[in-house]
Amino acid sequence: MMTEPEADCRLCDLYRKRTHLVLPTGDKNSPVALVGEAPGENEDLQGTPFVGRAGQILNKILEEIGLPRSQILITNTVKCRPPVNRIPMPEEMAACRPFLDSELYDRKVIVGLGKSAVKDLLGYEGPMSQIVNTRQHIRIKDRDILFIPTYHPMACVYKPDAREQLKLTLIMVKEEFLS
Ligand code: SF4
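For the record, in the sequence shown the residue sitting at position 100 is 1591 according to this note's numbering, with numbers rising by one throughout.
Okay, structure coming up:
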């Protein structure tokens, strides 16, 4: 069962500038979860993950491969927008981690979108090109769950290869877990 933060959660300093908490969307019973870095400006205003430019890129790729967004769970490592879209601090990710763990616990596969999510969940800080679309396992409470690192949609803006890799990730999880 998912544990949501209190509406006025102040467990880390990210509460200071947020407009809305940004909680997961999609199918809460999906075997597949996508985890991004953090809410941006549009997400903060609307209280929904991946609705800004990154969300548009993600939606386009999902559309291309025929995977409805409603069939997957989409979330971020932290539920409040970091000021000026900076990378979330380790202590902020740690404070929000129990909520993330509760979102991920029942999944069959977790897709880490971009460096921050991969660092938070896998502890990997090297180049994404070395690890993209490999099969890893991460511990969520008492479960080992398949983890696939891939590029964040924003990394795809000027990098066609990153877009191809992200598309490949989503095709893999669709065919293996949602068909
Ligand atoms: S980022 Fe998470 S832990 Fe920090 S205030 Fe927001 S909901 Fe609470």
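All C-beta atoms in this analysis are idealised placements derived from N, C-alpha and C, irrespective of residue type, glycine included.
- Assignment of beta-bridge partners to G1603 by DSSP yields V1526, P1640.
- Listed in chain order, the alpha helix (DSSP H) elements of length 4 or more contained wholly in the region 1589-1633 are 1606-1613.
- Taking 8 Å as the cut-off, the beta carbon of A1524 is found closer than this to the beta carbon of T1566.
- As the crow flies, the alpha-carbon of R1654 is around 12 Å from that of A1545.
- Under the DSSP assignment, L1564 falls in the beta strand (DSSP E) whose first and last residues are 1564-1567.
- Taking C-alpha positions only, L1553 is separated from I1631 by approximately 26 Å.
- Taking a C-beta distance under 8 Å as the contact criterion, A1608 and V1526 qualify as a contact pair.
- Around K1665, the same chain offers I1556, L1558 as residues with beta carbons nearer than 7 Å, after the five sequence neighbours per side are excluded.
- If you look at L1536, you'll find it in the alpha helix (DSSP H) that goes 1532-1537.
- Going by DSSP, A1653 is part of the alpha helix (DSSP H) stretching over 1651-1668.
- Closest in alpha carbon position to R1626, among D1633, L1604, H1643, V1600, is V1600.
- The residue among M1619, R1560, N1550 with its C-alpha nearest the C-alpha of D1518 is R1560.
- Under the criterion of beta carbons closer than 8 Å, T1510 and P1540 do not qualify as touching, at roughly 14 Å.
- Under the three-state reduction of DSSP, D1504 is assigned to helix.
- Straight-line measurement puts the Cα of G1543 at about 12 Å from the Cα of K1551.
- For D1499, same chain residues with a beta-carbon under 8 Å away, outside a window of 5 residues either side, are Y1506 in chain order.
- Setting aside the 5 residues that flank it on each side, D1504 is surrounded in the same chain by E1583, each with a C-beta closer than 8 Å to its C-beta; the list follows chain order.
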